[in-house]
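Trainee: The structure's right below; bear with me while I get my questions together.
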Amino acid sequence: MCLAYPGKIIELDGDFAKIDFGASTIKNDINISHVKGKKGDYVLVHAGYAIEILDLDEAENMINYWKDITAWKCKRCEIAQECPTGNIVNEINSKA
Amino acid sequence: MILKEYKDPYLAKKLTEKIRILAEEIEEDLLFMHVCGSHEWTISHHGIRSLLPKSIEIRPGPGCPVCITPSEDIDNAIKLALEGITVLVYGDMSRSKGTSGNSLLESRSDGAEVRVIYSIHDAIKLAKTSPEKEFIFFGVGFDTTSPPTAYEILKGFPPNLSIILSYRYMPPIVGAVLQSSILGIDGVINPGHSSTITGMKPYYPYFLETKKPQVFAGFEPIDILISIVMLLNQIKNNDYKLENEYTRSVTWEGNLKALKKLDQVFDLDKSYVRGVAHIEESGFTLKDKYRHLDAYLKYGIRKKNSNDHFVYGARCGEVIIGLCEPTECPLYMKECTPHSPKGPTMVSFEGTCRIWSEHAIIKSIKKIQKV
């Protein structure tokens, strides 16, 4: 069973923690004995037990990498960020 | 919150375009398999198959713990429940049918003692509140579910609680699926949460055996799309490896704390994965120190490891291994529906038939026939 939900540690008490899953869902008594979590960390919770700490920096890393790779690169300047957004592209298309 | 970006439709569109371009460059038909019910849910729910070009197919493999629990375990649980021992079981497992055609829940009408619980924590609480009764916990799951059980066993079971173990270890199952020449798989999308516990390392020996691409994927739709791009890139560049897409959770080493607890409590042994085969080192068994907690030992039941069968006409076994789609089973959405399931793949929340029926998939989408 692979279903696990991300949640933020609000309070810690030994092997157990209070976790906020967002959308007003807060659960007490989540077992965090398998992770070295502290208050404010995000963890993945499966059936009442935290299985790992979510590395949000890494999540951002991954998504930015793929946003970058799939970004449209303007033929005129090769770097999308240097083009006024969409304008030059539209110009080229209308002349074609 | 960065995790919302993993549902970004704009990025999904761009990744889909990338998949299309890569598929055209590769030119071959490609068959990928995943081994997780939750992956199948994400793929079906977000309609990912409809985004893929015709030459790419993602097939659901053995990823549902209830589906692969042998009917022998169900039969034995029913037998013990009829003898007055209360069997504590998860909701969907309680409705999975044994050889007699009855499930644990249905056998209550014959006097069986069965109670539905949500976790082993509940089981222990119940056993402690009724010390005069005998209880059995029916433990079903993969590597994500076994650490909590290990934790509770190390803490100490109450004396009136024992366990029927049906935990399976994923890496050998992925290995078996990759090796199968009947399936002819070109790459695997590896389970995300089970490998959060085990790490990527145990999959490496199976990678060396078959040298096929393996990507560890997360459970958001963007995770799946990125994983498909990763698989296609590996194939295009002829650069096969174990690749990690779920970097925010999966690591090479895994969760060492959880693995240490697992190591203290369990050994790995050959086990029967229903619908698939007897696979080496795929089943968790209790170490000598904790063997007294095994319900089979406690109540003198010998495991026969016999072969399994499903309801007449049902193709559950083939659906579990990925040889057949639910829509190809003659019972799918006719006699066998979520309201009256005939086989484990429709009973379980993570069964392929159940997930497809919930998403109203009634037509076959199989494109690739590998011989």
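As they're listed, the protein sequences go chains C and G. First residue of the first sequence: 624, per the working numbering; consecutive thereafter. First residue of the second sequence: 50, per the working numbering; consecutive thereafter. Glycine included, each C-beta is placed from N, C-alpha and C at the ideal position.
#1: Relative to the C-alpha of residue 314 of chain G, which candidate in G/104, G/357, G/305, G/340 has its C-alpha closest?
#2: Determine the DSSP secondary structure at residue 219 of chain G, reduced to helix, strand or coil.
#3: Suppose you measure from the CA of residue 51 of chain G to the CA of residue 138 of chain G; what does that come to, to the nearest Å?
#4: Can you pull the chain G neighbours of residue 679 of chain C, defined as C-beta to C-beta under 9 Å?
#5: Let's test the definition: count the other Cβ atoms within 10 Å of the Cβ of residue 648 of chain C and tell me whether it reaches 16, buried, or not, exposed.
#6: Under a three-way DSSP split, which group does residue 364 of chain G fall into?
#7: May I ask you to list, following chain order, the residues of the stretch 155 to 185 of chain G that have a beta carbon less than 8 Å from some beta carbon of chain C?
#8: Evaluate residue 263 of chain G with the Cβ neighbour count: other Cβ atoms within 10 Å of its Cβ, from every protein chain shown; 16 or more gives buried, anything less gives exposed.
#9: Can you grab the Cα-Cα spacing for the pair residue 378 of chain G / residue 406 of chain G, in whole Å?
#10: Measuring straight from C-alpha to C-alpha, what distance separates residue 272 of chain G and residue 266 of chain G?
#11: So residue 324 of chain G and residue 369 of chain G are supposed to be a Cβ contact under 8 Å. How far apart are they, rounded?
#12: Which stretch, first to last residue, makes up the alpha helix (DSSP H) that contains residue 300 of chain G?
#13: For residue 108 of chain G, which residues does DSSP report across the bridge?
#14: In its own chain, which residues sit with a C-beta less than 7 Å from the C-beta of residue 664 of chain C, not counting the 5 before and 5 after it?
#15: Please list, in chain order, the chain G residues whose beta carbon lies closer than 8 Å to that of residue 647 of chain C.
#16: Cβ atoms of residue 81 of chain G and residue 231 of chain G: under 9 Å apart, would you say?
#17: To the nearest whole angstrom, what separates the beta carbons of residue 115 of chain G and residue 322 of chain G, a pair I think is in contact under 8 Å?
#18: Residues in the stretch 652 to 685 of chain C with C-beta within 9 Å of chain G's C-beta atoms, listed in sequence order?
#19: Just mark residue 715 of chain C as buried or exposed, buried being the case when its beta carbon has 16 or more other beta carbons within 10 Å.
#20: So, with DSSP's three-state summary, where would you put residue 715 of chain C?
#21: Going by DSSP, which residues form a beta bridge with residue 629 of chain C?
#22: Pick out whichever of G/185, G/68, G/181 has its Cα sitting closest to the Cα of residue 211 of chain G.
#23: Can you pull the chain C neighbours of residue 356 of chain G, defined as C-beta to C-beta under 9 Å?
#24: So with CB distances below 9 Å, who are the chain G contacts of residue 640 of chain C?
#25: If you drop the 5 nearest sequence neighbours on each side, which residues of the same chain put their C-beta closer than 7 Å to that of residue 67 of chain G?
#26: Starting from residue 690 of chain C, find everything on chain G with Cβ-Cβ shorter than 7 Å and list it in chain order.
#27: Taking buried to mean at least 16 other C-beta atoms within 10 Å of its own C-beta, is residue 178 of chain G buried or exposed?
#28: Chain G beta carbons: is any one of them nearer than 9 Å to that of residue 626 of chain C?
Mentor: Based on what the coordinates show:
#1: Here residue 314 of chain G corresponds to residue number 265 of the second sequence, with the count starting at 1. Looking at G/104, G/357, G/305, G/340, the one whose alpha-carbon comes closest to that of residue 314 of chain G is G/340.
#2: Taking the first residue of the second sequence as 1, we reach residue 219 of chain G at position 170. Residue 219 of chain G sits in a helix when the DSSP states are folded into three classes.
#3: As a first step, residue 51 of chain G is located in the second sequence; it is residue number 2 there, counting from the start. As a first step, residue 138 of chain G is located in the second sequence; it is residue number 89 there, counting from the start. C-alpha separation (whole angstroms): 37 Å.
#4: By one-based count along the first sequence, residue 679 of chain C stands at place 56. Those within 9 Å of residue 679 of chain C in chain G are 50, 51, 52, 297.
#5: Here residue 648 of chain C is taken as the residue at index 25 of the first sequence, counted from 1. It is exposed - the Cβ of residue 648 of chain C has fewer than 16 other Cβ atoms within 10 Å.
#6: Position 315 of the second sequence, counting from 1, holds the residue named residue 364 of chain G. The answer is coil: DSSP assigns residue 364 of chain G none of H, G, I, E or B.
#7: Here the close residues are 167, 168, 170.
#8: What you label residue 263 of chain G is simply residue 214 of the second sequence in a count that begins at 1. Buried, because 16 or more other Cβ atoms sit within 10 Å of the Cβ of residue 263 of chain G.
#9: Here the question's residue 378 of chain G lines up with position 329 in the second sequence. Here the question's residue 406 of chain G lines up with position 357 in the second sequence. Straight-line spacing of the CA atoms in residue 378 of chain G and residue 406 of chain G works out to 13 Å.
#10: The sequence position of residue 272 of chain G within the second sequence is 223, counting from 1. The sequence position of residue 266 of chain G within the second sequence is 217, counting from 1. Approximately 6 Å between the Cα atoms of the pair.
#11: Taking the first residue of the second sequence as 1, we reach residue 324 of chain G at position 275. Taking the first residue of the second sequence as 1, we reach residue 369 of chain G at position 320. The pair is a contact, with the Cβ atoms about 3 Å apart (cut-off 8 Å).
#12: Within the second sequence, numbered from 1, the residue matching residue 300 of chain G stands at position 251. Secondary structure note for residue 300 of chain G: it is in no alpha helix (DSSP H), with a DSSP letter that is neither H nor E.
#13: Here the question's residue 108 of chain G lines up with position 59 in the second sequence. Answer is G/82, bridged to residue 108 of chain G.
#14: Mapped onto the first sequence, residue 664 of chain C falls at position 41. 632, 676, listed in sequence order.
#15: Along the first sequence, read from residue 1 onward, the residue named residue 647 of chain C stands at position 24. Proximity of chain G to residue 647 of chain C at the Cβ level (cut-off 8 Å) is not reached, the minimal Cβ distance being about 15 Å.
#16: As a working mapping, residue 231 of chain G is identified with position 182 in the second sequence. As a working mapping, residue 81 of chain G is identified with position 32 in the second sequence. No, these two residues do not count as a Cβ contact at 9 Å.
#17: For the purposes of this step, residue 115 of chain G is taken as residue 66 along the second sequence, with counting starting at 1. For the purposes of this step, residue 322 of chain G is taken as residue 273 along the second sequence, with counting starting at 1. Contact flag wrong, Cβ pair sits at about 12 Å.
#18: Considering only beta carbons, the part of the stretch 652 to 685 of chain C lying closer than 9 Å to chain G consists of 652, 654, 656, 657, 658, 659, 665, 667, 669, 670, 671, 672, 674, 675, 676, 677, 678, 679, 680, 681, 682, 683, 684, 685, in chain order.
#19: On the first sequence, position 92 is the one that residue 715 of chain C refers to. Below a pLDDT of 50, predicted positions are generally treated as unreliable, and residue 715 of chain C, at 41, falls in that range; no measurement from the model is reported.
#20: Numbered from its first residue, the first sequence carries residue 715 of chain C at position 92. At residue 715 of chain C the pLDDT is 41, less than 50, meaning the model places this residue with poor confidence; the figure from the coordinates comes in the next sentence. Three-state DSSP puts residue 715 of chain C in a helix.
#21: Within the first sequence, residue 629 of chain C is the residue found at index 6, counting from 1. Bridge partners of residue 629 of chain C: C/667.
#22: Sequence index remark: in the second sequence, residue 211 of chain G carries index 162 (1-based). When only C-alpha atoms are compared, the closest one is G/185.
#23: For the purposes of this step, residue 356 of chain G is taken as the residue at position 307 of the second sequence. Per Cβ cutoff of 9 Å: no residues; residue 356 of chain G is ~25 Å from chain C at best.
#24: Translated into the one-based positions of the first sequence, residue 640 of chain C becomes position 17. Result: empty, since nearest Cβ-Cβ is about 14 Å, beyond 9 Å.
#25: Your numbering for residue 67 of chain G matches position 18 in the second sequence. If we look at residue 67 of chain G and ignore the five residues flanking it on each side, its Cβ neighbours are 278.
#26: Position 67 of the first sequence, counted from the start, is the residue given in the question as residue 690 of chain C. Annotation: Cβ neighbours of residue 690 of chain C in chain G (cutoff 7 Å, chain order): 60.
#27: Mapped onto the second sequence, residue 178 of chain G falls at position 129. In this structure residue 178 of chain G is exposed. Its beta-carbon is surrounded by fewer than 16 other beta-carbon atoms within 10 angstroms.
#28: As a first step, residue 626 of chain C is located in the first sequence; it is residue number 3 there, counting from the start. Interface with chain G (9 Å Cβ-Cβ cutoff): residue 626 of chain C is included.
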